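Colleague: Please read through the structure below; I'll follow up with questions.
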Amino acid sequence: MEFETGAIPLSDLDGAFDLQATLESGQSYLWDRADGRMYETMSVHGGDAWYETVVPPIPGVSEESLVVRVRQTGDEREGRLEWEATGDAVPVLTHLLRLDDDLDAILGGTPDDSLLDRAYDAYEGMRLVRDPAFPCLVSFICSAQMRVSRIHGMQMRLAREYGETVAVDGETFHAFPTPERLAARTEEELRDLSLGYRAPYVRRTAEMVADGEAHPDEAAGLPYEEARESLTRFVGVGDKVSDCVLLFSLGYLEAVPLDTWIRSAIEEHYPDCEKGSYAATSRAIRDRLGGTYAGYAQTYLFYYLRAGGE
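Mapping of the sequence shown onto the UniProt record's numbering: position 141 corresponds to residue 141, and the numbering continues sequentially without gaps.
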């Protein structure tokens, strides 16, 4: 198997794009850097490193799994995305990296807020991701009380140990394991990959999907708060993890996961949004950040604050 190659001019997009900020901002743990330096530092943007992943079939986008490698050259508006892949990567990258979003219009549709403005300026071109639902769900089940580098390491170990291997041009790539492959593992095997107390959650969630008991894709299309509740059926999944999957996989751009950084932002900058419960606080901060695109605003705030912007 060999790579095809191509490029996407960033001038064709509506708004800027920054690959490094998008893939290393704590949204996705399914990509790796070819140089082994993924999530090495807290604040990154504008780099030209190669990133790679194995993408499962995506209904309406691609019928087969693809190995995809991509890097950005040039700036956020006039540069380009160079890609290598085992098929046409353009529709896959457009889907996964939300290259079809009108980023200028989206950010323009959020409130006039000085903190948001500073975050937008710091990471111009960062977009949300649209990860496959099952790997995204597992990633965020593993995220509790973990640094982003450790969450990423867990997902890479799962892929290396239990994912399908694909050889391309003499290199070996590892797909994220299917629900069936993960469900076949024992809790002890998963603990050996440093999943700790998350191991039974991951195994049971995989079992639920493999057996047809439930699938995270079933939340898609439901009203937002119903969709969040739907995902809490999975073991180890509460409201915050549900919101992460809704935002970074299923396209609910209004979702605002209430993690430590966003709760700190509420305490310091938006104290009137603290309402005492997850649902009420989430509703209040969602409204404060503009409703429809609040998840975009949240992601910029998360990255800006986590990286020490304030």
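In this text, a Cβ means the ideal position worked out from N, Cα and C, and glycines have one as well. All values reported here derive from a predicted model rather than from experimental measurement.
How far does the beta strand (DSSP E) with ARG69 in it extend, from its first residue to its last?
Modeller: The count along the sequence shown starts at 1 and reaches residue 69 at position 69. Segment 66-73, the beta strand (DSSP E) holding ARG69.
Colleague: According to the neighbour-count rule (16 or more other Cβ atoms, all chains shown, within 10 Å of its Cβ), is ALA34 buried or exposed?
Modeller: Locating residue 34 in the sequence shown gives position 34, counting from the first residue. Its Cβ having fewer than 16 others within 10 Å, ALA34 is exposed.
Colleague: Quick one, which of SER249, VAL209, ASP169, PHE173 has its alpha-carbon nearest ARG181's?
Modeller: What you label residue 181 is simply residue 181 of the sequence shown in a count that begins at 1. Closest option to ARG181, Cα to Cα, is VAL209.
Colleague: Which term fits THR292, buried or exposed, when burial requires 16 or more other beta carbons within 10 angstroms of its beta carbon?
Modeller: Walking along the sequence shown from the start, residue 292 turns up at place 292. Exposed: under 16 other Cβ atoms inside 10 Å.
Colleague: Whole angstroms are fine: how far does the CA of SER114 sit from the CA of ALA133?
Modeller: Along the sequence shown, read from residue 1 onward, the residue named residue 133 stands at position 133. Along the sequence shown, read from residue 1 onward, the residue named residue 114 stands at position 114. Answer to the nearest angstrom: the Cα atoms are 34 angstroms apart.
Colleague: Hey, would you say LEU301 sits closer than 7 angstroms to ALA119, going by beta carbons?
Modeller: Numbered from its first residue, the sequence shown carries residue 301 at position 301. Numbered from its first residue, the sequence shown carries residue 119 at position 119. In contact: LEU301 and ALA119 (Cβ atoms closer than 7 angstroms).
Colleague: Measuring alpha carbon to alpha carbon, tell me which residue in ASP101, GLU63, ALA21 is nearest GLN72.
Modeller: Residue 72 sits at position 72 when you count from the first residue of the sequence shown. Selected option, being the one with the closest Cα: ALA21.
Colleague: Quick check on MET1: buried or exposed, where buried means 16 or more other Cβ atoms within 10 Å of its Cβ?
Modeller: For the purposes of this step, residue 1 is identified with residue 1 of the sequence shown, where counting begins at 1. MET1 should be labelled exposed.
Colleague: With three or more beta-carbon pairs closer than 8 angstroms as the criterion, would you say the segment 35-46 touches the segment 157-165?
Modeller: Contact between the segment 35-46 and the segment 157-165 is absent, because fewer than three Cβ pairs lie under 8 angstroms.
Colleague: Just mark SER11 as buried or exposed, buried being the case when its beta carbon has 16 or more other beta carbons within 10 Å.
Modeller: For the purposes of this step, residue 11 is taken as the residue at position 11 of the sequence shown. Exposed, because fewer than 16 other Cβ atoms sit within 10 Å of the Cβ of SER11.
Colleague: Starting from GLU171 and walking both ways along the alpha helix (DSSP H), at which residues does that stretch end?
Modeller: Position 171 of the sequence shown, counted from the start, is the residue given in the question as residue 171. Careful: GLU171 lies outside any alpha helix (DSSP H), inside the beta strand (DSSP E) at 171-174.
Colleague: Tell me where the beta strand (DSSP E) around ILE8 begins and ends.
Modeller: The residue labelled residue 8 in the question sits at position 8 within the sequence shown. Taken as a continuous stretch (DSSP letters only), the beta strand (DSSP E) holding ILE8 covers 4-9.
Colleague: Quick check: MET126 and ASP32, are their CB atoms within less than 7 angstroms of each other?
Modeller: Translated into the one-based positions of the sequence shown, residue 126 becomes position 126. Translated into the one-based positions of the sequence shown, residue 32 becomes position 32. Against a cut-off of 7 angstroms, the Cβ pair of ASP32 and MET126 comes out as no contact.
Colleague: For the segment 161-211, which segments carrying the beta strand (DSSP E) assignment without a break, of at least 3 residues, lie completely within its bounds, in sequence order?
Modeller: Correct list: 165-168, 171-174.
Colleague: Buried or exposed for GLN145, going by 16 or more other Cβ atoms inside 10 Å?
Modeller: Numbered from its first residue, the sequence shown carries residue 145 at position 145. When all chains shown are included, GLN145 counts as exposed.
Colleague: With VAL148 and TYR304 assumed to form a contact (beta carbons below 8 angstroms), what rounded beta-carbon distance in angstroms separates them?
Modeller: Sequence index remark: in the sequence shown, residue 148 carries index 148 (1-based). Sequence index remark: in the sequence shown, residue 304 carries index 304 (1-based). About 15 angstroms separates the two Cβ atoms, so there is no contact after all.
Colleague: Identify whether THR299 lies in helix, strand or coil by the three-state DSSP scheme.
Modeller: Indexing the sequence shown from 1 puts residue 299 at position 299. The answer is helix: DSSP assigns THR299 an H, G or I state.
Colleague: Nearest to ASP121 by CA position, among GLY108, ARG130, ASP131, is which residue?
Modeller: As a working mapping, residue 121 is identified with position 121 in the sequence shown. Residue GLY108 is the option with its Cα nearest to ASP121.
Colleague: Within this structure, are the beta carbons of VAL68 and ALA89 separated by less than 7 angstroms?
Modeller: By 1-based counting over the sequence shown, the position of residue 68 is 68. By 1-based counting over the sequence shown, the position of residue 89 is 89. Going by C-beta atoms, VAL68 is nearer than 7 angstroms to ALA89.
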